[in-house]
Each structure stands twice: as C-alpha cells, then as structure tokens.
Amino acid sequence: MLHLCRYRFHPSSRFILHDKKPLHKYGLQGTHHLLPDTGKVSSTLPTRAVLKKDKIYAWCSCGYSGTQPLCDGSHLHYYIPTNLRPVRFIPDKDMEVWFCNCKQTKTRPFCDGSHRKVSAKLEKASEESESK
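So the sequence shown is numbered by our numbering: it starts at 54 and just counts up by one.
Set out below in structure tokens:
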C-alpha cells in the first residue's frame, strides 16, 4: 500500500495510483469524468501522451496541478476552491492520446477541440482590455 503525503509526493507516485483498485479492467474508472463542473484553464493547447498498457493514469480535472495534464494532488489543498477530482484511466494497450489542458472538454480526459473556443474568448477579453 502506498501512503501519500498531502503536500509532497514522491516523483514516481505522481502519475500512477498504486493503491486504488480499478472498478473495471480497462477504460475510465469511477464517475469523476461525469462531474458537471469544469476546471481552471491551465493551457489552451492539448498535451500528447504515450500511455502504457495496464498503468493507472490520473488526469487533472481541476487545473491546479503543477504536473499538467496529470494530477499531483493539488485539489486536496485547503486553499484550492474546487470539488473536482482526478479522472482515472487504464489503457487496454500501449497508445498515444491527446489530453485536454483547457479542462472544458466534454470527453474527459481527452481533447475534443474545446480549447479553440477558450482561445477565442481569451483573445477577445485581451482585446477589450487593451482598448480601454
């Protein structure tokens, strides 16, 4: 059993959750991917990742992780205002995926192009602030 410190994590435990038993053999685990809220935008571009078969990956859904796009436990800190939890995923084969970094995706944890809308909103907001 792996014991995690609340504020500092061992580097090898950041991306793989060893002490959680999966609900299903492969695919999305639990129901955190169904939570209605969206997290803080950490980047407007997706991240390409090569996933290994049978490893448990935890995608950050809150946007506060320092190791984006994967969770480092930042959502546990008392000063982070979020109810979001990491989305766990177990690949059934070695695969290459694009993880969402804007946290607005409808297909958590994978990118669905929502970052284009976020980029447009950010550009519009910056233009309005410059014109004032």
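We put the CB at the ideal spot given by N, CA and C, even for glycine.
Quick caveat: nothing in here was measured; it's all calculated off a predicted structure.
Can you give me the Cβ contacts of residue i inside the same chain, cut-off strictly under 7 Å, excluding the 5 residues immediately before and after it?
i	result
A178	none
What residue range is occupied by the uninterrupted alpha helix (DSSP H) comprising residue i?
i	result
V140	Where V140 is concerned, there is no enclosing alpha helix (DSSP H), although the beta strand (DSSP E) it sits in stretches over V140 to I143.
For the beta strand (DSSP E) that contains residue i, what are its first and last residues?
i	result
L104	T100 to L104
V171	Per DSSP, V171 belongs to no beta strand (DSSP E); it is in the alpha helix (DSSP H), H168 to S184.
V150	M148 to F152
Quick check: the Cα distance between residue i and residue j, rounded to an integer number of angstroms?
i	j	result
H168	T97	5 Å
S172	S95	12 Å
Q157	S114	9 Å
E176	C155	15 Å
G119	D125	7 Å
Which residue wins for smallest C-alpha separation from residue i, given the options the options?
i	options	result
M148	V103, P89, V94 and T91	V103
C164	K174, K170 and W151	W151
Sorted by chain position, which residues of the same chain lie with C-beta nearer than 8 Å to residue i's C-beta, five sequence neighbours on each side aside?
i	result
S127	C113, C115, Y117, S118, G119 and I133
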